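So the structure is just underneath, and the comments pick up after that.
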């Protein structure tokens, strides 16, 4: 327990040190504000953005895209993954296309989606759903396929029906894989949201980045970058907590 | 000891060669024997004699290529209740379920969990000396304990026949002896018919009323041997001359068949 507190304290000290170093460099070398503003400017900017509720509005816009796009992509990925895992011939037939699509940077579709679906939320949701779909689907296939043959024997002895086989064993067995896939997908979906917004939008954190870029507002840029980083950080922590809760039985969450 | 519960008639199993040139592999050739009610029968043979395959055919997990299996079961009318308990070499416990939930899993599949069933399973837990571990996950249990949970699960729905596929093969010698004695205790108190696959001669002699000795290439029955060592048997049995004689006889028989 004592060790844990120490490591947390150390992390915090590290942050303080980093900010102090930043301040010192800016002051000593007299770095102009339009190249690197001092740390306190970021704080003032953040306060100002919150007071004018610019930050909240744009944050919520991005958050909404992620929630909707990620949910659609994850659900589609799970359903498609299960179907492909069970119908081997379908998976074999589609695998070259899946591979091409999986390895192609889906982010490159962002400009296309903006043209197709406009500047609104739809183009981002589609992009996010697409980047989410693949890691979830691939991991679902792996997870279901990894079901031990003896489980099927056991289920046959017990005269289980197909639905029971799916819900009571295959999906449970796939859960650790699925958690890995969704965690990966969540981080990717944040990237997709921001890039989608940068390609063309009227709101969102990516929109603020473009704004800051066009107005040479380094302070705005840095503030938004920090907000985006914190967003991915906390979303990942949330996912990790969920994973630990769902997988208490799994080796990966074994403590001590 | 009069009515057969399991009747194996001329069972054969041929694995077709996967390539054109590959020869067909005869895993089992004309296997016939009966298992009677309440009997403890072992299938003994070296690895590759098809004893596990035979057990899977008897339990209808895999199809045979010839012959017929007859099961005479009292609850045959009840379609939803499994005909056998099956214990695998690996415990095949579901890692996301606690020990008790694993043992209750069959009822969930049959979707008729009653209070009485849970009581019955808790009694089996005591019989298997597992009390106190109901809420442990499989990864927290030792190999021997996992196998005990697997036995409890197989007996939970009270099947008449218990099929065991080298259930103690992966355990260390001490745990294995311990579980052999436990199995005999459970057998005495539940009066099940047990068909037990093993490649250990002493284990087969110690446990069985009868041993079906199997040879390889092709898998066949060498002898159907009665073990007339009085019960109850305990660790002293293993030191008796009659025990030693059976072991010796079987060892010679298996050696000559090679």
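Residue numbers (this note's numbering), protein chains in the order written: chain A, 3 to 258; chain B, 391 to 648.
Note that the Cβ used here is the ideal one computed from N, Cα and C, for glycine as well.
Keep in mind that this is a model prediction, so the values were computed, not measured.
| Query | Result |
| --- | --- |
| Rounded to whole angstroms, what's the CA-CA distance from residue 86/A to residue 162/A? Just pull it up for me. | 22 Å |
| Pull out every residue of the region 204-235 of chain A whose Cβ sits closer than 7 Å to any Cβ of chain B, in chain order. | none |
| Can you give me the C-alpha to C-alpha distance between residue 646/B and residue 82/A, rounded to a whole angstrom? | 56 Å |
| Mind pulling the chain A residues with CB within less than 7 Å of residue 496/B? | 160 |
| Less than 7 Å between the C-beta atoms of residue 156/A and residue 416/B, yes or no? | no |
| May I ask you to list the residues that DSSP assigns as paired with residue 399/B? | 458/B |
| Anything in chain B within Cβ reach of residue 170/A, meaning under 9 Å, just list it in chain order. | 484, 495, 498, 499 |
| Going residue by residue through the region 462-545 of chain B, where are the continuous alpha helix (DSSP H) segments of at least 4 residues, counting only ones entirely within it? | 489-500, 505-517 |
| Should residue 440/B go down as buried or exposed, given a rule of 16 or more other Cβ atoms within 10 Å for buried? | buried |
| Can the beta-carbon of residue 546/B be found closer than 7 Å to that of residue 493/B? | yes |
| Got a sec: is the Cβ-Cβ distance from residue 472/B to anything in chain A below 7 Å? | yes |
| Within 10 angstroms of the Cβ of residue 19/A, are there 16 or more other Cβ atoms? Answer buried if so, exposed if not. | exposed |
| Can you pull the chain A neighbours of residue 480/B, defined as C-beta to C-beta under 9 Å? | 150, 152 |
| Take residue 577/B as the anchor and find which of 618/B, 592/B, 455/B, 514/B has the nearest alpha-carbon. | 514/B |
| Can you name the residues of chain A whose CB is closer than 7 Å to the CB of residue 527/B? | 251 |
| Is there contact here, the region 217-233 of chain A with the region 192-209 of chain A, by at least three beta-carbon pairs under 8 Å? | yes |
| Helix, strand or coil: how does DSSP classify residue 585/B here? | strand |
| In chain order, what residues of the same chain have a beta carbon less than 8 Å from the beta carbon of residue 536/B, not counting five sequence neighbours either side? | 481, 483, 528 |
| Note the first and the last residue of the continuous beta strand (DSSP E) segment covering residue 217/A. | It is not in any beta strand (DSSP E) - residue 217/A carries neither H nor E in the DSSP assignment. |
| Could you name the residues of the same chain whose beta carbon sits closer than 8 Å to that of residue 556/B, not counting the 5 residues immediately before and after it, in chain order? | 442, 479, 587, 588, 589 |
| Tell whether a beta-carbon distance below 7 Å holds between residue 551/B and residue 583/B. | yes |
| Over what stretch of residues does the alpha helix (DSSP H) that includes residue 33/A continue unbroken? | Unbroken run through residue 33/A: none, as it is neither H nor E. |
| Give the interface partners of residue 451/B over in chain A, defined as CB-CB distance under 8 Å, in chain order. | 155, 158, 159 |
| Between residue 183/A and residue 129/A, is the Cβ-Cβ spacing less than 7 Å? | no |
| Just how far apart, CA to CA, sit residue 500/B and residue 160/A? | 8 Å |
| Name, going along the chain, the residues of the region 582-610 of chain B whose beta-carbon falls closer than 9 Å to a beta-carbon of chain A. | none |
| State yes or no: is the beta carbon of residue 634/B nearer than 7 Å to at least one beta carbon in chain A? | no |
| Check for me: the beta strand (DSSP E) holding residue 555/B runs from which residue to which? | 551-555 |
| Note down, in chain order, each residue of its chain lying with its Cβ closer than 8 Å to the Cβ of residue 511/B, except the 5 sequence neighbours on either side. | 490, 493, 494, 542, 546 |
| I'd like the ranges of any alpha helix (DSSP H) spanning at least 4 consecutive residues and lying wholly in the region 410-451 of chain B. | 441-448 |
| Under 7 Å between the Cβ atoms of residue 221/A and residue 47/A? | yes |
| Taking Cβ-Cβ distances shorter than 8 Å, what residues in chain A pair up with residue 476/B? | 155, 156, 159 |
| Count the other CB atoms within 10 Å of the CB of residue 53/A; is the residue buried (16 or more) or exposed (fewer)? | exposed |
| I'd like the span of the alpha helix (DSSP H) that includes residue 603/B, first residue to last. | Taken as a continuous stretch (DSSP letters only), residue 603/B belongs to no alpha helix (DSSP H), being part of the beta strand (DSSP E) at 600-605. |
| Step through the CB atoms of chain B and report whether any lies within less than 7 Å of the CB of residue 166/A. | yes |
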